[in-house]
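In this note's numbering, the protein residues as written are 1166 to 1490.
By construction, the Cβ of each residue, glycine as well, lies at the ideal position given by its N, Cα and C atoms.
Here it is in structure tokens:
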């Protein structure tokens, strides 16, 4: 088994035995149905796994992938998935809104609700899987499906960044991969705002705030006042912009610090540091406050998270699979 964030082996599995299992390991549990008349089914998945993000390139013959209420209940997944067709036109059904995606379009979907993906012809797509904690405060939970155009503007920039990230991922550390994936996410969320008619200074300020907090998450002095002073906007303006995206400066700082902590705990360099060292490097005032925040957010202690090791995440998936029957 390759280590977390690396790939290059190929495994062949029977479509009726292993394909559904492989897909479910990457995306959460799905039920897969193929046309009865299909004499043979062929599909491939190429993936790169960071500590928090997953980036995939998959292709397959006609099929229906269903993540219904029973699959959501038996295998809860706190992630969003960005689906980017490269060939073919998959239809995403959410029960509230259906979208047919052509090359040039993208959709952001929640994996903690029932969803189906259907394509009647061969299809190839990129998929970026995003932790809920990275996006929940920026996309209302009432929106199960978000459409984004990648043919121009920030959508095109984000798409090219995602495609480049997959091709270069094998040469990146987990921390570098996750940082690049976050930038892809930032670009595409800004693109979605522009399509909704909110292309104004608010989106630019939001991006600037998030970029500054991410860059300075390890500073113990980082707070609402220091953000406003550094960026040249008033405290009230910072509060207003963050409120529009459903968060606060305190919540944003906490999220970025915990994300940095997870990266350090999983990295080879970070494994030589004590938990207290990591706590202070991530801006927490004490070892105990860091452990409380970490357990509250992830459900386990920093020590337990580190003990899982990078291979624990890699063992949950297989790199490239090609099913035939």
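Rounded C-alpha distance that separates residue i from residue j
{"i": "residue 1171", "j": "residue 1192", "result": "Any reading at residue 1171 needs caution, since the residue's pLDDT is 40, under 50, leaving its predicted position unreliable; the model's value is listed next. If you take the alpha carbons of residue 1171 and residue 1192, they lie about 18 Å apart."}
{"i": "residue 1340", "j": "residue 1375", "result": "17 Å"}
{"i": "residue 1185", "j": "residue 1250", "result": "20 Å"}
{"i": "residue 1299", "j": "residue 1420", "result": "8 Å"}
{"i": "residue 1223", "j": "residue 1187", "result": "12 Å"}
{"i": "residue 1470", "j": "residue 1316", "result": "40 Å"}
{"i": "residue 1289", "j": "residue 1253", "result": "7 Å"}
{"i": "residue 1451", "j": "residue 1194", "result": "39 Å"}
{"i": "residue 1445", "j": "residue 1377", "result": "19 Å"}
{"i": "residue 1460", "j": "residue 1467", "result": "7 Å"}
{"i": "residue 1225", "j": "residue 1232", "result": "17 Å"}
{"i": "residue 1213", "j": "residue 1399", "result": "41 Å"}
{"i": "residue 1418", "j": "residue 1440", "result": "19 Å"}
{"i": "residue 1314", "j": "residue 1351", "result": "15 Å"}
{"i": "residue 1402", "j": "residue 1356", "result": "22 Å"}
{"i": "residue 1435", "j": "residue 1264", "result": "43 Å"}
{"i": "residue 1268", "j": "residue 1416", "result": "36 Å"}
{"i": "residue 1270", "j": "residue 1463", "result": "33 Å"}
{"i": "residue 1338", "j": "residue 1344", "result": "10 Å"}
{"i": "residue 1257", "j": "residue 1408", "result": "30 Å"}
{"i": "residue 1322", "j": "residue 1397", "result": "27 Å"}
{"i": "residue 1367", "j": "residue 1201", "result": "51 Å"}
{"i": "residue 1438", "j": "residue 1458", "result": "19 Å"}
{"i": "residue 1259", "j": "residue 1394", "result": "43 Å"}
{"i": "residue 1333", "j": "residue 1473", "result": "26 Å"}
{"i": "residue 1479", "j": "residue 1372", "result": "Confidence at residue 1479 is low in this model, with a pLDDT of 41, below 50, so its placement is unreliable and the value that follows should be read with caution. Approximately 31 Å, taken between the alpha carbons."}
{"i": "residue 1280", "j": "residue 1432", "result": "34 Å"}
{"i": "residue 1318", "j": "residue 1312", "result": "15 Å"}
{"i": "residue 1392", "j": "residue 1405", "result": "13 Å"}
Neighbour-count burial assignment, residue i, 16 or more Cβ in a 10 Å radius
{"i": "residue 1336", "result": "exposed"}
{"i": "residue 1363", "result": "Low per-residue confidence applies at residue 1363: pLDDT is 44, beneath 50, and the placement is therefore not dependable enough to give any value."}
{"i": "residue 1442", "result": "exposed"}
{"i": "residue 1208", "result": "buried"}
{"i": "residue 1198", "result": "exposed"}
{"i": "residue 1215", "result": "buried"}
{"i": "residue 1346", "result": "buried"}
{"i": "residue 1380", "result": "exposed"}
{"i": "residue 1422", "result": "buried"}
{"i": "residue 1427", "result": "buried"}
{"i": "residue 1189", "result": "buried"}
{"i": "residue 1448", "result": "buried"}
{"i": "residue 1320", "result": "buried"}
{"i": "residue 1159", "result": "The question about residue 1159 has no answer, for the chain in this structure spans 1166 to 1490."}
{"i": "residue 1116", "result": "Any property of residue 1116 remains undetermined from this structure, which presents the chain solely from 1166 to 1490."}
{"i": "residue 1412", "result": "buried"}
{"i": "residue 1365", "result": "For residue 1365, the predicted model reports a pLDDT of 49, less than 50, meaning its position is unreliable and no value from the coordinates is stated."}
Where residue i falls: helix, strand or coil (DSSP)
{"i": "residue 1471", "result": "helix"}
{"i": "residue 1343", "result": "helix"}
{"i": "residue 1367", "result": "helix"}
{"i": "residue 1460", "result": "helix"}
{"i": "residue 1506", "result": "Outside the displayed span of the chain (1166 to 1490) sits residue 1506, for which this structure offers no information."}
{"i": "residue 1357", "result": "helix"}
{"i": "residue 1352", "result": "helix"}
{"i": "residue 1281", "result": "strand"}
{"i": "residue 1465", "result": "coil"}
{"i": "residue 1191", "result": "helix"}
{"i": "residue 1243", "result": "coil"}
{"i": "residue 1226", "result": "coil"}
{"i": "residue 1550", "result": "For residue 1550 there is no data in the structure shown, the boundaries of the chain being 1166 and 1490."}
C-beta contact flag for residue i and residue j at 8 Å
{"i": "residue 1266", "j": "residue 1283", "result": "no"}
{"i": "residue 1220", "j": "residue 1293", "result": "yes"}
{"i": "residue 1327", "j": "residue 1349", "result": "yes"}
{"i": "residue 1386", "j": "residue 1414", "result": "no"}
{"i": "residue 1382", "j": "residue 1425", "result": "yes"}
{"i": "residue 1342", "j": "residue 1218", "result": "yes"}
{"i": "residue 1245", "j": "residue 1210", "result": "no"}
{"i": "residue 1241", "j": "residue 1286", "result": "no"}
{"i": "residue 1331", "j": "residue 1291", "result": "yes"}
{"i": "residue 1228", "j": "residue 1196", "result": "no"}
If you scan the stretch 1371–1453 from start to end, which runs of the alpha helix (DSSP H) of 4 or more residues do you find wholly inside it? Segments of the alpha helix (DSSP H) lying fully in the stretch 1371–1453: 1389–1396, 1400–1409, 1414–1431, 1440–1446.
Along the chain, which unbroken stretches of the beta strand (DSSP E) at least 3 residues long are found entirely within the stretch 1299–1339? Entirely contained in the stretch 1299–1339, the beta strand (DSSP E) runs reaching 3 residues are, in chain order, 1310–1314.
What residue ranges within the stretch 1196–1222 form continuous alpha helix (DSSP H) runs of no fewer than 4 residues, ordered along the chain? Counting whole runs of 4 or more residues, the stretch 1196–1222 contains no alpha helix (DSSP H) stretch at all.
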